[in-house]
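Data block below; observations after.
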Amino acid sequence: MAGRVDLDGNPIKPITICMIGAGGFIGSHLCEKLMSETPHKVLAVDVSNDKIKHLLEPATLAWADRIEFHRINIKNDSRLEGLIKMADLTINLAAICTPADYNTRPLDTIYSNFIDALPVVKYCSENGKRLIHFSTCEIYGKTIGAFLPKDSPLRQDPAYYVLKEDTSPCIFGPIEKQRWSYACAKQLIERLIYAEGAENGLEFTIVRPFNWIGPRMDFIPGIDGPSEGVPRVLACFSNNLLRREPLKLVDGGESQRTFIYIKDAIEAVLLMIENPARANGHIFNVGNPNNEVTVRQLAEMMTKVYSKVSGESSLETPTIDISSKEFYGEGYDDSDKRIPDMTIINKQLAWNPKTSLWDLLESTLTYQHRTYAEAIKQAMSKSTAN
Ligand code: NAD
Ligand code: UDP
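If you use UniProt numbering, the sequence shown corresponds to residues 1 to 386, in order.
Written out as structure tokens, the structure reads:
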């Protein structure tokens with residue numbers, strides 16, 4: 001850790017970070033990185049600490065005096081402002097961010113992504129504290145190309161689909177498509193943070209993650225989350241593979257996504273933390289434009305990788321189609337395609353993702369198999385016995 005310097009060659013001074021949502025998927029990886037590779041201190045705020053328990057106990061861990069867990073619901077806890085005041089930097093990751101919730105719990109989604117984030121922005125602005133806020137690539141909504149005829153040659157032109165922080169429009173569906181409640185709430189909080197920067201001098205960075213995936217993402221229904229719960233696609237497909245069920249392709253699995261390995265993405269966040277002069281005032285796409293697949297291709301690749309890491313043969317029918325209405329209910333809609341433009345993050349932070357989709361699936365599915373296969377077997381044999 002000694003002699004660490006920033007991108008401009010200046011020594012990095014230890015800071016205190018108030019990390020809200022530290023107990024989630026991204027937060028757990030960020031805490032791990034900060035504890036193992038930096039001298040920074042983390043005030044970890046969340047309603048749950050299951051995913052960071054290994055960093056909090058035992059008290060003999062090398063970083064024990066650099067991480068403190070605060071079980072706080074930011075909706076209604078007066079301790080939040082004190083923690084933000086104690087820190088040099090606040091990182092806000094707290095959110096409801098699983099698509100199955102956007103159309104079924106739109107009020108909770110809007111409150112969580114807009115209303116609950118308001119005091120965090122206010123306390124940072126009033127106390128002159130720096131803020132890194134997690135937004136989403138979903139802020140872009142649908143691509144311009146999605147509105148062209150299916151056979152239009154313009155659909156091949158990157159100008160119609162590559163998503164750029166400073167020029168792409170945000171294109172959401174009608175209000176009755178409640179899927180967009182999340183994107184819209186995230187958009188408004190981005191605009192508010194930007195305005196706090198412009199009018200009151202708030203030092204901010206906004207992160208737009210493009211499908212970050214890896215170990216500890218979401219939950220496996222019936223094992224470490226509710227049986228009827230619907231997590232994001234990585235956990236849905238992992239659950240199907242672990243249970244030897246066909247993977248469900250929503251509306252034919254035609255939507256396209258770019259997936260990035262969580263460990264690559266965390267490198268980008270660390271650069272933002274340690275290079276404030278290069279990161280302040282910017283909105284950054286963080287994704288891997290080289291890892292694009294349709295959801296159907298993702299299902300096929302995960303099936304092959306899982307077979308390799310588990311040693312089990314694949315099913316004769318590895319996938320089935322399902323309508324979005326049946327899978328998610330009324331009001332679901334989808335982003336057609338998400339390719340991040342990387343110009344701004346390249347220029348400001350000289351960062352590039354490294355891990356291929358095959359490699360990131362191999363390490364992630366090895367983790368899923370090791371963590372869940374036995375528990376699933378036991379749960380399934382119990383339910384057969386009953
Ligand atoms: P996550 O659900 O794993 O983590 C969110 C954490 O916030 C959870 O631990 C949750 O308990 C906590 N939280 C929620 N409401 C809270 C409250 N009121 N008080 C205290 N804690 C609360 O999600 P994640 O994948 O780690 O995402 C983190 C952030 O990144 C979110 O803002 C999300 O919108 C954004 N994001 C992530 C991705 C991705 O690819 N993972 C993509 C787009 C955007
Ligand atoms: N999806 C799917 N089957 C599943 C879960 C998700 O086909 O079991 C699709 C979903 O409709 C979307 C894509 O996979 O097109 C990615 O979904 P995810 O929940 O990861 O979030 P998103 O990228 O839409 O924010």
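Virtual Cβ for every residue (Gly too), placed ideally from N, Cα, C. Computed from a prediction, not measured in an experiment: that's the story for all the values here.
| query | Which residue spans inside the stretch 8-73 form an unbroken beta strand (DSSP E) run of at least 3? | reply | 16-20, 41-46, 67-71
| Given a threshold of 16 other Cβ atoms within 10 Å of its Cβ, counted over all protein chains shown, does Ala198 qualify as buried or as exposed? | exposed
| Helix, strand or coil at Arg4 [DSSP, three-state] | coil
| message | Contact between the stretch 3-10 and the stretch 235-249 is defined here as three or more beta-carbon pairs at a separation below 8 Å; is this criterion met? | response | no
| said: Suppose contacts are defined by Cβ-Cβ distances below 8 Å. Is Glu267 in contact with Thr294 by that definition? | reply: no
| request: Could you check how far apart the C-beta atoms of Phe259 and Asn211 are, in whole angstroms? I think they sit under 8 Å. | output: 5 Å
| said: I want to check one thing, is the minimum distance from the CB of Ser310 to the heavy atoms of ligand 1 below 7 Å? | reply: no
| message | Distance check for Lys41 and Glu176, CA to CA, integer angstroms please. | response | 44 Å
| field | Minimum C-alpha distance to Asp101 - residue among Leu61, Glu57, Ser181, Gly82 | value | Ser181
| task | Measure how close the beta-carbons of Ile17 and Ala87 come, nearest whole angstrom, since I'm counting them as under 8 Å. | result | 6 Å
| message | Measuring straight from C-alpha to C-alpha, what distance separates Ile344 and Thr384? | response | 54 Å
| Residue burial classification, His54 (beta-carbon count within 10 angstroms, cutoff 16) | exposed
| query | If you drop the 5 nearest sequence neighbours on each side, which residues of the same chain put their C-beta closer than 8 Å to that of Asp50? | reply | Gly23, Asp224
| task | Give every residue of the same chain whose Cβ lies closer than 7 Å to the Cβ of Leu315, excluding the five residues on either side of it in the sequence, and list them in chain order. | result | Arg244, Pro246
| message | Tell me the rounded alpha-carbon separation between Pro106 and Asp166. | response | 28 Å
| Given that a residue counts as buried once 16 or more other Cβ atoms are within 10 Å of its Cβ, and exposed if not, what is Ile132? | buried
| message | Tell me the DSSP secondary structure of Pro174 in three-state form. | response | coil
| query | Would you say Pro231 and Thr98 are within 8 Å of each other, going by their C-beta atoms? | reply | yes
| task | Name the two residues that bound the continuous alpha helix (DSSP H) containing Arg370. | result | 357-385
| said: Whole angstroms are fine: how far does the CA of Leu80 sit from the CA of Pro119? | reply: 9 Å
| message | Would Leu202 and Arg278 be called neighbours here (beta carbons separated by less than 8 Å)? | response | no
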